[in-house]
Amino acid sequence: MGEVVQPGFGRRLGVGRRCIDRDNGMIRLHGLKKRFRREDVLRGIDLEIGRGDRVALVGSNGAGKTTLIRCLLGEYTCEGEVRIHGRDPRHHRRAILARVGFVPQLPPPIRMPVAAFVRFVARLCDADPGRMEAVAERLGLDMARLRRRPFVKLSGGQKQKLLISVALGRDAELLVLDEPAANLDPAARQVFYQLLAERRDQAAMIIASHRLDEIAALVNRVVELDRGGIVLDDRVDDSVELGSRLQCRVVLTRPEPAFGKALAEWGFTADGEGLAWEGSVAGPDRLRFLGVLSRYAAVLGDLQLTDPAEVGRERRATGA
Amino acid sequence: MRQLRLMVTADIVESLRTRWFLVYLLVFGGLMSTLFLFGLTESRVMGFTGLSRLMLTYIQLTMAILPVFILITTVRSVAGDREAGVFEYLLSLPVGLGAWYWGKLMGRFLVVFLPVVAALAAGVAWGALVKGAAVPWALVLYYCGLIMSLSACFLGIAVLISSLARSSDLAQGTAFLVWLLFLLFIDLVLLGVMVKQQLPPETVVAIALANPLQVFRTAAMMLFDPKLVILGPSAYVILDHIGRTGYMAYALVYPLVLGLLAAFLGYLVFRRSDLP
Chain A
-4 MGEVVQPGFG
6 RRLGVGRRCI
16 DRDNGMIRLH
26 GLKKRFRRED
36 VLRGIDLEIG
46 RGDRVALVGS
56 NGAGKTTLIR
66 CLLGEYTCEG
76 EVRIHGRDPR
86 HHRRAILARV
96 GFVPQLPPPI
106 RMPVAAFVRF
116 VARLCDADPG
126 RMEAVAERLG
136 LDMARLRRRP
146 FVKLSGGQKQ
156 KLLISVALGR
166 DAELLVLDEP
176 AANLDPAARQ
186 VFYQLLAERR
196 DQAAMIIASH
206 RLDEIAALVN
216 RVVELDRGGI
226 VLDDRVDDSV
236 ELGSRLQCRV
246 VLTRPEPAFG
256 KALAEWGFTA
266 DGEGLAWEGS
276 VAGPDRLRFL
286 GVLSRYAAVL
296 GDLQLTDPAE
306 VGRERRATGA
Chain R
259 MRQLRLMVTA
269 DIVESLRTRW
279 FLVYLLVFGG
289 LMSTLFLFGL
299 TESRVMGFTG
309 LSRLMLTYIQ
319 LTMAILPVFI
329 LITTVRSVAG
339 DREAGVFEYL
349 LSLPVGLGAW
359 YWGKLMGRFL
369 VVFLPVVAAL
379 AAGVAWGALV
389 KGAAVPWALV
399 LYYCGLIMSL
409 SACFLGIAVL
419 ISSLARSSDL
429 AQGTAFLVWL
439 LFLLFIDLVL
449 LGVMVKQQLP
459 PETVVAIALA
469 NPLQVFRTAA
479 MMLFDPKLVI
489 LGPSAYVILD
499 HIGRTGYMAY
509 ALVYPLVLGL
519 LAAFLGYLVF
529 RRSDLP
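Put into structure tokens, the structure is as follows:
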């Protein structure tokens, strides 16, 4: 497959891997080093990423994730080799970056109005602003209302949605997403996962996070950085469909207003007594949802999580 | 070219929404209003009255305010944008580094140059239409040229500092020091002392010709004091070597060239260093 793994650390599982053309030469980092003053931030990274790879780039703060991303985007000068489609992104900025969609961890304080911002990015990328706005609408942004509002005046979630729309509303072949779902509500996350699912075979994705559990269900490969080096490069099970939904029923032992409020945020509805709650959860969001439930374990009487697609498959298999 | 135009427009749209620009507008709009309020067009200094008198005062005040304003606001906003992640995001878009850098520079130039000239034009229009004063067109055009040259000069220096200094604090400190250095070497301060100390006139004149603030000040003075009596003996060296017309042309060209040179050096540094 061509992954270059640090000796002694890497292993491959290859569980549930989809059979797709991975185009291994898409991203190639070889001997990538970056030094700030006297500190080595990247210490000789070797990595290859192909089309269809959804890579979780994880590591603690200061591990080198942001530096690696900036080298990849041609924003940092560095030692070693960085190639996207065989070309150096630093020297072929326009050709390379036109095919890269980037969502930063912290939205930049851009002051131009939302519509002007979308138009500006679309013109730079030779893309259709209408397509970006359509993605924004899917994510729940009321573009007609927000058009004239300065980007910087949007809420954290709105900014994140717009940046995702701008990245996914064009034909990017590489998506670099830094904590992309951090500020999204459950409904927007569900749409975001669907959008990623629509791109899964056409693009390579690098999703950075300092917590693997936040993004585990989105990826099929994990690359962990520690003190500027790769300590793990691992294929993981990607059998969770990005666009799947789980039907869920939660029964409480007694009404709990705080729990009810948390469930309502996930779009759940309760029976008259507020004891039985029903709703659906995005497949890749199941871990996050269980994390919410765990805070109220004391009042949890019953829990059912069902994947309707999986149930259908089982029924067909058993002939029921 | 399309990318350059996009960057120019984007920078203007961004700048128009900043606080510094609001203050900038208030300062120059307020300045012009104040000059009218105090009836400057009716007063007389060294034989100058009406709009000429108004413009002389305006240009002197502009010289005092504009350079430090451009230096501080430019380095502050560039370093601020870099620290806040604006560079990281916008430079992840497919824009050439040349279009990005020169586009931002041109956008910023228009934003700092036009309000000052607009205030001058408003003053002239008010004086001509309401007060019925005659418009000294040659003076108006020359002052517009001087303001353009001075704006380009200090903008170029500001973007050079922004390319070299990575943090907001360092950039602001350096910009302030540069302005202070220029300010110290004008005829009112150290240059005057050097003349009194009878340093070689060539040295004094060389400093006077190298310092864009002094160049601008001398050119502005020259319009109402053609023999540069205020400058003392140094004036003879300047007038003997370059002449009045030559000096006025020099005052337009030199700061512009200095600014472009600084901007170009800034571009070389920017292109070869880490962008965000």
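Here the protein sequences line up with chains A and R, keeping their order.
By the working numbering, the letter at position 219 of the first sequence is numbered 214, and the numbering carries on one by one without gaps.
To get the working numbering, take the position in the second sequence, counting from 1, and add 258.
Built from N, CA and C at the ideal position, the CB exists for glycine as well.
On a predicted model such as this, the values are computed, not experimentally measured, just so you know.
Cβ-based neighbour list, residue i, same chain, cut-off 6 Å, excluding 5 preceding and 5 following
{"i": "R106/A", "result": "P145, V147"}
{"i": "D16/A", "result": "With a pLDDT of 46 at D16/A, under the threshold of 50, the modelled position of this residue cannot be trusted, and the question is left open."}
{"i": "P216/A", "result": "It is worth fixing the name first, because residue 216/A is Arg in this sequence and not Pro. Once the five neighbours on either side are set aside, the close Cβ partners of R216/A are D48, V50, R230."}
{"i": "G5/A", "result": "Here the model assigns G5/A a pLDDT of 35, short of 50, so the residue's position is not dependable, and the following value carries that caveat. If we look at G5/A and ignore the five residues flanking it on each side, its Cβ neighbours are D228."}
{"i": "F286/R", "result": "P373, V374, A377"}
{"i": "V353/R", "result": "Q261"}
{"i": "T62/A", "result": "K29, V36, L37"}
{"i": "L298/A", "result": "V245"}
{"i": "D180/A", "result": "none"}
{"i": "L98/A", "result": "Reading off the sequence shown, one finds Val at residue 98/A, where the question assumed Leu. Closer than 6 Å at Cβ, skipping near neighbours: L158, I159, A162, L172, P175."}
{"i": "A265/A", "result": "W272"}
Beta-carbon contacts of residue i that lie in its chain and below 8 Å, excluding the five residues immediately before and after
{"i": "E268/A", "result": "P250"}
{"i": "G381/R", "result": "M290, L293, F294, L309, L312, M313, Y316"}
{"i": "G278/A", "result": "Y188, A212, V235, E236, L237, G238, S239, R240, L241, D302"}
{"i": "A90/A", "result": "R82"}
{"i": "E260/A", "result": "D180, P181"}
{"i": "Q153/A", "result": "L136, L141"}
{"i": "L413/R", "result": "I328, T332, L363, R366, F367, V370, G517, A521"}
Burial state of residue i, where buried means 16 or more other Cβ atoms lie within 10 Å
{"i": "T248/A", "result": "exposed"}
{"i": "E219/A", "result": "buried"}
{"i": "K156/A", "result": "buried"}
{"i": "W395/R", "result": "exposed"}
{"i": "E334/R", "result": "In the sequence as displayed, the identity of residue 334/R is Arg instead of Glu. Flag for R334/R reads buried."}
{"i": "S425/R", "result": "exposed"}
{"i": "A293/A", "result": "exposed"}
{"i": "R194/A", "result": "buried"}
{"i": "T332/R", "result": "buried"}
{"i": "A485/R", "result": "According to the sequence displayed, residue 485/R carries Lys and not Ala. By the 10 Å Cβ count, K485/R comes out exposed."}
{"i": "Q472/R", "result": "buried"}
{"i": "A391/R", "result": "buried"}
{"i": "N34/A", "result": "According to the sequence shown, residue 34/A is Glu rather than Asn. Looking at its Cβ environment, which holds fewer than 16 other Cβ atoms inside 10 Å, E34/A is exposed."}
{"i": "F31/A", "result": "exposed"}
{"i": "K362/R", "result": "buried"}
{"i": "P458/R", "result": "exposed"}
{"i": "R165/A", "result": "buried"}
{"i": "Q100/A", "result": "buried"}
{"i": "S421/R", "result": "buried"}
{"i": "L340/R", "result": "Residue identity differs from the one stated: residue 340/R is Arg in this sequence, not Leu. Under this definition R340/R is a buried residue."}
{"i": "N469/R", "result": "buried"}
{"i": "L435/R", "result": "exposed"}
{"i": "V306/A", "result": "exposed"}
{"i": "F528/R", "result": "buried"}
{"i": "A253/A", "result": "exposed"}
{"i": "Q456/R", "result": "exposed"}
{"i": "T476/R", "result": "buried"}
{"i": "G286/A", "result": "exposed"}
{"i": "G517/R", "result": "buried"}
{"i": "A312/A", "result": "exposed"}
Own chain partners of residue i with C-beta closer than 7 Å, once the 5 adjacent residues on each side are dropped
{"i": "H25/A", "result": "D41, G75, E76"}
{"i": "R260/R", "result": "none"}
{"i": "M406/R", "result": "F371"}
{"i": "K256/A", "result": "none"}
{"i": "A167/A", "result": "R94, V95, G96, A198"}
{"i": "W437/R", "result": "P325, V326, L329"}
{"i": "G223/A", "result": "D35, V36, L37, R38, G59"}
Minimum Cβ-Cβ distance from residue i to chain D less than 8 Å
{"i": "I79/A", "result": "This model lacks chain D altogether; the protein chains it does include are A and R."}
Report task. Scan the stretch 217 to 291 of chain A and note each continuous alpha helix (DSSP H) run of 4 residues or more that stays entirely inside, going in chain order. Result -> 252 to 260, 281 to 289
Query raised in the report: Which residue spans inside the stretch 336 to 363 of chain R form an unbroken alpha helix (DSSP H) run of at least 4?
Result: For the stretch 336 to 363 of chain R, whole alpha helix (DSSP H) runs of length 4 or above, ordered along the chain, are 344 to 348.
Query - Segments of 4+ residues assigned as alpha helix (DSSP H) that fall wholly inside the stretch 157 to 220 of chain A - result: 181 to 194, 207 to 210
Query raised in the report: Whole alpha helix (DSSP H) runs in the stretch 70 to 138 of chain A with 4 or more residues, listed along the chain?
Result: 88 to 92, 109 to 120, 124 to 133
Report task. Pull out every residue of the stretch 343 to 354 of chain R whose Cβ sits closer than 9 Å to any Cβ of chain A, in chain order. Result -> G343, V344, F345, E346, Y347, L348, L349, S350, L351, P352, V353, G354
Query raised in the report: Does the stretch 77 to 87 of chain A come close enough to the stretch 318 to 332 of chain R that 3 or more CB-CB pairs lie under 8 Å?
Result: no
Query raised in the report: When you check each C-beta in the stretch 107 to 119 of chain A against every C-beta of chain R, which residues fall closer than 7 Å?
Result: M107, A111, F115, V116, R118, L119
Query - Proximal residues, the stretch 239 to 251 of chain A versus chain R, C-beta separation under 8 Å - result: none
Query - At least 3 beta-carbon pairs within less than 8 Å: the stretch 463 to 482 of chain R vs the stretch 428 to 443 of chain R - result: yes
Query raised in the report: Listed in chain order, which residues of the stretch 489 to 519 of chain R have Cβ atoms closer than 9 Å to some Cβ of chain A?
Result: none
Query raised in the report: Are there three or more Cβ pairs, one per stretch, closer than 8 Å when the stretch 340 to 354 of chain R is compared with the stretch 107 to 121 of chain A?
Result: yes
Requested in this report: Let me know the alpha helix (DSSP H) ranges lying completely inside the stretch 389 to 443 of chain R, each 4 residues or longer, listed in chain order.
Outcome: 395 to 422, 426 to 442
Query - Near-chain R residues of the stretch 264 to 280 of chain A - C-beta to any C-beta below 9 Å - result: In summary, no residue of the stretch 264 to 280 of chain A has a CB separated from any CB of chain R by less than 9 Å.
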